[in-house]
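Residue numbers (my numbering): 26 to 192.
Each residue gets a CB set at the ideal place from its N, CA and C atoms; glycine is no exception.
Because the structure is a prediction, the values reported are computed rather than measured.
First comes the structure, then the notes that go with it.
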């Protein structure tokens, strides 16, 4: 399992190099426009590459739209946004989180909550996005990031909130 902002940042740099366009521009064009969400500018490294794994500051509405895109297999309103098969590949566990023992795929953690398979992304300070396809449910959770959450312990508390909603 490799959950690393550094790895995500290297991916951002590779995308920027390969496409000749900034990660911000790609995100706005490939996700923002088709999902009708605002993707604000976010910090860059000293070379001008947008951070690949943090500080995007997406709104709860934008998070829900992204979660719904995944819940619906990469298709919104009959238009394919993500490559066919990508959602399934990204939701396959390829490792285990040392903090929660949940599976980890391509940017998504995988767990079971109230008997349902749930996929979630974690953000700084307790931000979270949960997708529970069998319940046709996407949940965005925001939190005051100061002070930052205590990691896996806090994630277990968020899991408990989602489980309560599922019961």
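Residues that DSSP places opposite residue i in a beta bridge
i: residue 182; result: In the DSSP output, where bridge partners are listed per residue, residue 182 has none listed.
i: residue 155; result: 145, 164
i: residue 121; result: 128
i: residue 101; result: 104
Cβ-Cβ distance between residue i and residue j below 7 Å
i: residue 75; j: residue 37; result: yes
i: residue 88; j: residue 138; result: no
i: residue 115; j: residue 130; result: yes
i: residue 33; j: residue 92; result: no
i: residue 165; j: residue 151; result: no
i: residue 104; j: residue 180; result: no
i: residue 67; j: residue 80; result: yes
i: residue 30; j: residue 41; result: no
With 16 other Cβ atoms within 10 Å as the buried cut-off, status of residue i
i: residue 100; result: exposed
i: residue 57; result: buried
i: residue 186; result: exposed
i: residue 182; result: exposed
i: residue 63; result: exposed
i: residue 86; result: exposed
i: residue 90; result: buried
i: residue 184; result: buried
i: residue 43; result: exposed
Simplified DSSP assignment, three categories, for residue i
i: residue 89; result: helix
i: residue 96; result: helix
Delimiting residues of the beta strand (DSSP E) encompassing residue i
i: residue 141; result: 141-147
Element boundaries [alpha helix (DSSP H), containing residue i]
i: residue 138; result: Where residue 138 is concerned, there is no enclosing alpha helix (DSSP H), although the beta strand (DSSP E) it sits in stretches over 134-138.
i: residue 30; result: 30-44
i: residue 49; result: 48-52
i: residue 114; result: 111-115
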